[in-house]
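Read the structure below first, then the notes.
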Amino acid sequence: MIQLIDFIKDNIQITYILILSIFVGIEVIKSIPAVLHTPLMSGANALSGVVIVGAILVMLHSDPNDYLALTLGFLAVVLGILNVVGGFAVTHRMLQMFKKRK
Numbered sequence: 018m019i020q021l022i023d024f025i026k027d028n029i030q031i032t033y034i035l036i037l038s039i040f041v042g043i044e045v046i047k048s049i050p051a052v053l054h055t056p057l058m059s060g061a062n063a064l065s066g067v068v069i070v071g072a073i074l075v076m077l078h079s080d081p082n083d084y085l086a087l088t089l090g091f092l093a094v095v096l097g098i099l100n101v102v103g104g105f106a107v108t109h110r111m112l113q114m115f116k117k118r119k
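Written out as structure tokens, the structure is:
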């Protein structure tokens, strides 16, 4: 816990940017109409794929004793995979709406 507090103290500007980007992201997502949801999901899937690859690379190059980097990398991989799977599930449901019923 002390390592986390020291990391935040050393990188306070990055912490501010992260918090600001969270608020900006929420405001941007709230203003997107539902019609654009499916095309944007495919873009989100692509970005999540990049996040997954980047997190795996960070985990490969981190020190085996650096538990903070390994934990954050693992969390990024898990959340990225959940986002990709959820995006494909939503896209599949949306495409099912356009199929002809028998």
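Here the sequence shown is numbered in this note's numbering, starting from 18 and rising by one per residue.
Every residue gets a Cβ at the ideal spot worked out from N, C-alpha and C, and that includes glycine.
Residue i to residue j span [Cα, whole Å]
i	j	result
S38	M114	34 Å
P81	L87	8 Å
V67	N100	12 Å
S48	I29	29 Å
P50	I19	43 Å
DSSP-derived helix/strand/coil call for residue i
i	result
K26	helix
K119	coil
S38	helix
M111	helix
N82	coil
M76	helix
I46	helix
Residue-level contact to chain C via CB, residue i, 7 Å cutoff
i	result
L92	The chain inventory of the structure shown lacks chain C, comprising one protein chain alone.
Query raised in the report: Would you say the segment 68-78 touches the segment 93-112, given that touching needs at least three Cβ pairs under 8 Å?
Result: Contact between the segment 68-78 and the segment 93-112 is present, because at least three Cβ pairs lie under 8 Å.
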